[in-house]
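**Student:** Chains as they are written, first to last, in the working numbering: chain A, 5 to 113; chain B, 676 to 790.
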Amino acid sequence: EDQVTQSPEALRLQEGESSSLNCSYTVSGLRGLFWYRQDPGKGPEFLFTLYSAGEEKEKERLKATLTKKESFLHITAPKPEDSATYLCAVDDNTDKLIFGTGTRLQVFP
Amino acid sequence: GAVVSQHPSRVICKSGTSVKIECRSLDFQATTMFWYRQFPKKSLMLMATSNEGSKATYEQGVEKDKFLINHASLTLSTLTVTSAHPEDSSFYICSAVGPNNYGYTFGSGTRLTVV
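1. Out of Val686(B), Asp763(B), Phe781(B), which one is the CA nearest neighbour of Met708(B)?
2. Measuring straight from C-alpha to C-alpha, what distance separates Thr785(B) and His682(B)?
3. In terms of residues, what are the limits of the beta strand (DSSP E) holding Gln7(A)?
4. Since Arg108(A) contacts Thr89(A) with CB under 8 Å, what's their CB separation in whole angstroms?
5. Using DSSP bridges, identify the partner residues of Asp95(A).
6. Quick check on the DSSP output: the beta strand (DSSP E) that includes Leu719(B) runs from which residue to which?
7. Between Glu85(A), Gln18(A), Asn26(A), which has its C-alpha nearest Thr9(A)'s C-alpha?
8. Does any residue of chain B bring its CB to less than 8 Å from the CB of Gly33(A)?
9. Measuring CB to CB, does Glu697(B) end up less than 8 Å from Thr732(B)?
10. Can you list, in chain order, the residues of its chain whose CB lies under 8 Å from that of Ser22(A), leaving out five sequence neighbours each side?
11. So Thr105(A) contacts chain B; which residues on that side make the cut at Cβ distance below 8 Å?
12. List the residues of chain A whose Cβ lies closer than 7 Å to the Cβ of Ile768(B), in chain order.
13. Could you please tell me which residues of the stretch 53–69 of chain A, in chain order, have their CB closer than 9 Å to any CB of chain B?
14. Note down the Cα distance separating Thr105(A) from Ala747(B), rounded to an integer number of angstroms.
15. Within the continuous beta strand (DSSP E) that includes Gln110(A), where are the two ends?
16. According to DSSP, simplified to helix, strand and coil, what is Glu21(A)?
17. Determine the direct distance from the alpha carbon of Leu787(B) to that of Phe38(A), and round the result to whole angstroms.
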């Protein structure tokens with residue numbers, strides 16, 4: 005069965021303290037891996053799509069990487085406004101997304 | 676960029692009544708839309724896939740008679756929660772397959788409270 009697992013479940017960082025979020029996946033065929041940011045009471049906001057192992061994408065303080073088994077979302081020198089839940093999702097060629105459970109990130113000043 | 680509008684953002688209804696939630700793709704045509712349900716501090720649970728002009732495909736365990744989905748045009752899908760009960764209270768989110776038939780854009784969600 006296709007599965008997406010995110011870790012850690014929750015992460016507390018001091019402002020400026022860099023870290024990484026993990027998304028491990030087990031799927032029969034990967035068409036794309038997505039990262040989203042979700043603020044409380046809002047829908048997910050698109051961050052990145054990765055298609056193949058070795059691919060990397062960056063946006064401001066965020067950098068996403070992909071291997072054959074997992075993806076990392078690296079956060080460099082985070083700020084309090086980066087606090088949110090980060091969701092990973094996989095398109096496994098079934099034309100729908102499989103979501104992980106998310107990582108709740110809190111960044112303190 | 677692709678924008679999906681969801682309305683209303685919040686709704687409170689009495690037990691036994693029905694509530695309709697709209698999901699519109701504003702600047703692109705979406706042949707496929709998805710409806711999710713999200714419980715507090717949990718991830719998104721896919722309820723159904725909505726295809727324009729055809730019946731929705733429901734995930735296992737989702738009652739199709741309770742959660743009616745209509746996708747009458749390439750820019751609008753609706754979810755109607757029929758005979759709502761307090762246990763239907765939740766956060767409902769729609770998404771649409773974006774331009775070029777790929778990419779998934781999400782609406783801002785609807786908080787449903789049944790009293």
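For every residue, glycine included, the Cβ atom is placed at its ideal position computed from N, Cα and C.
**Tutor:** Taking the geometry as given:
1. Numbered from its first residue, the second sequence carries residue 708(B) at position 33. The shortest C-alpha separation from Met708(B) is found at Phe781(B).
2. Position 110 of the second sequence, counting from 1, holds the residue named residue 785(B). Position 7 of the second sequence, counting from 1, holds the residue named residue 682(B). C-alpha separation (whole angstroms): 7 Å.
3. Translated into the one-based positions of the first sequence, residue 7(A) becomes position 3. Segment 7–11, the beta strand (DSSP E) holding Gln7(A).
4. The sequence position of residue 108(A) within the first sequence is 104, counting from 1. The sequence position of residue 89(A) within the first sequence is 85, counting from 1. Yes, Arg108(A) and Thr89(A) are in contact; Cβ-Cβ is about 5 Å, under 8 Å.
5. The residue given as residue 95(A) occupies position 91 in the first sequence. Partner residues in the beta bridge of Asp95(A), as assigned by DSSP, are Gly36(A), Leu101(A).
6. Taking the first residue of the second sequence as 1, we reach residue 719(B) at position 44. Annotation for Leu719(B): the continuous beta strand (DSSP E) segment containing it runs 719–726.
7. Stepping through the first sequence from its first residue, residue 9(A) is reached at position 5. Put simply, of Glu85(A), Gln18(A), Asn26(A) the residue whose alpha carbon is nearest the alpha carbon of Thr9(A) is Asn26(A).
8. Residue 33(A) sits at position 29 when you count from the first residue of the first sequence. Chain B has no Cβ within less than 8 Å of the Cβ of Gly33(A).
9. Here residue 697(B) refers to the residue found at position 22 when the second sequence is read from its first residue. Here residue 732(B) refers to the residue found at position 57 when the second sequence is read from its first residue. Against a cut-off of 8 Å, the Cβ pair of Thr732(B) and Glu697(B) comes out as no contact.
10. Indexing the first sequence from 1 puts residue 22(A) at position 18. A distance below 8 Å between beta-carbons, with the five flanking residues on each side excluded, links Ser22(A) to the following residues of its chain, in chain order: His78, Ile79, Thr80, Ala81, Pro82.
11. Locating residue 105(A) in the first sequence gives position 101, where the first residue counts as 1. Those are Lys717, Ser718, listed as they occur along chain B.
12. Residue mapping note: residue 768(B) aligns to position 93 of the second sequence, counting from 1. For Ile768(B), the C-beta contacts it makes with chain A under 7 Å involve Gly47, in order along the chain.
13. Per Cβ criterion, the list reads Thr53.
14. For the purposes of this step, residue 105(A) is taken as residue 101 along the first sequence, with counting starting at 1. For the purposes of this step, residue 747(B) is taken as residue 72 along the second sequence, with counting starting at 1. Spanning the two alpha carbons is a distance of roughly 32 Å.
15. Sequence index remark: in the first sequence, residue 110(A) carries index 106 (1-based). First-last of the beta strand (DSSP E) with Gln110(A): 107–112.
16. Sequence index remark: in the first sequence, residue 21(A) carries index 17 (1-based). Of the three classes helix, strand and coil, the one that applies to Glu21(A) here is coil, per DSSP.
17. Residue numbering aside, residue 38(A) sits at position 34 when the first sequence is read from its first letter. Residue numbering aside, residue 787(B) sits at position 112 when the second sequence is read from its first letter. Spanning the two alpha carbons is a distance of roughly 27 Å.
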